[in-house]
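Below is one structure, written out as structure tokens, with a few remarks after it.
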Ligand SMILES: [Zn+2]
Ligand SMILES: [Zn+2]
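Residue numbers (our numbering): 2 to 339.
Structural data, given as structure tokens:
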């Protein structure tokens with residue numbers, strides 16, 4: 002029987018189409034892998050081409066006069082940081098000029114690297130850079146919300162091969178983020194607890210959708226996962242803002258995120274994916290009702306008319322089966338799997 006499930010956090014319904022159900026292994030990508038060179042002369046992110054990017058914002062040096070991670074403004078930025086945000090309201094039309102920040106984090110000098118195959122220390126360097134940028138921008142009174150995300154592969158929206166992620170800081174909070182906060186706040190008002198703390202505790206009791214656990218994090222499939230293998234990583238400690246992550250938690254998140262990406266890489270043969278860090282808007286740092294997390298979304302299916310027309314997704318892979326499949330994918334340096 003098919004089943005409709007409701008996402009506890011967003012209240013969105015999803016159709017888990019068990020009649021059309023696919024085995025998790027049916028989602029394997031089977032794409033011919035083109036070998037990629039470690040250095041590409043025309044790539045603006047490769048070492049030696051630093052002059053092809055806008056002036057650097059931040060770097061992690063490699064100890065030999067070069068860099069391990071670089072942050073630069075996006076050359077084709079969606080928003081511009083050097084203007085003051087001004088709001089205008091004219092009859093039914095509202096606008097703000099295009100103030101905002103759009104930075105690129107170049108994660109490694111190696112053009113051919115994948116996050117899934119990096120060392121945990123390299124991933125931790127990238128996460129520390131995210132935290133530095135996040136905290137700095139949270140203090141800017143013009144910034145309302147910060148989104149950190151990675152697009153890997155064409156189906157995830159990138160054409161640039163060189164490993165990179167991005168940060169966009171906006172002067173407004175989107176309707177989608179606002180609604181999630183309102184749900185979390187009403188839940189807290191009604192039950193006196195953070196709905197994510199509650200959900201993680203229940204999932205740990207049930208175990209069915211857990212992919213892996215570490216000292217500080219829990220990686221799991223969502224009960225009402227909108228798409229196959231959508232995997233969330235939650236900190237066990239209640240924190241509203243990603244900026245509150247501790248040094249020990251950064252190291253542990255690096256291990257957990259890399260292991261989840263490596264399980265997807267090995268299990269589904271390097272699928273395109275996005276990940277995003279969903280954190281409290283700058284004005285909500287420290288609140289008791291929201292809990293930040295990382296959402297990893299493999300791009301295995303396409304959004305079609307039904308999804309666009311109804312806002313409802315059809316997922317053909319049972320979240321419990323996806324979790325079981327990912328638990329079984331063995332990694333060379335397994336970190337607290339299971
Ligand atoms: Zn490159
Ligand atoms: Zn919480």
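Note that CB positions come from ideal geometry on N, CA and C, so glycine has one too. Since the model is a prediction, treat every value here as computed from it, not as a measurement.
- Taking one beta carbon from each stretch, the region 161-177 and the region 187-206 have fewer than 3 pairs nearer than 8 Å; the two do not touch.
- With 16 or more other Cβ atoms from the protein chains shown falling within 10 Å of its own Cβ, residue 10 counts as buried.
- Boundaries of the beta strand (DSSP E) around residue 219: 218-222.
- Less than 7 Å divides the Cβ of residue 30 from the Cβ of residue 272.
- A Cβ-Cβ distance of about 18 Å is found for the pair residue 157 and residue 259, leaving them out of contact under the 8 Å criterion.
- Taking a 10 Å sphere around the C-beta of residue 192, we find fewer than 16 other C-beta atoms and assign the residue as exposed.
- The beta carbon of residue 186 lies closer than 7 Å to those of 290 in the same chain, with the five residues before and after it left out.
- Checking the DSSP bridge columns, you'll see residue 7 partnered with 14.
- With three or more CB-CB distances shorter than 8 Å, the region 274-288 counts as touching the region 135-153.
- Within the same chain, 299 and 323 come within 6 Å of residue 230 by CB-CB distance, once the 5 residues on both sides are set aside.
- Set against 6 Å, the gap from the CB of residue 278 to the closest heavy atom of ligand 2 is not smaller.
- One Cα belongs to residue 125, the other to residue 91, and the distance between them is close to 47 Å.
- Between residue 86 and residue 275, the alpha-carbon positions lie close to 29 Å from each other.
- Bounds of the beta strand (DSSP E) holding residue 233 are 232-236.
- A straight line joining the alpha-carbon of residue 84 with that of residue 134 spans about 19 Å.
- Residue selection by CB proximity (closer than 7 Å to any heavy atom of ligand 2) returns 195, 197, 198, 239 and 292 in chain order.
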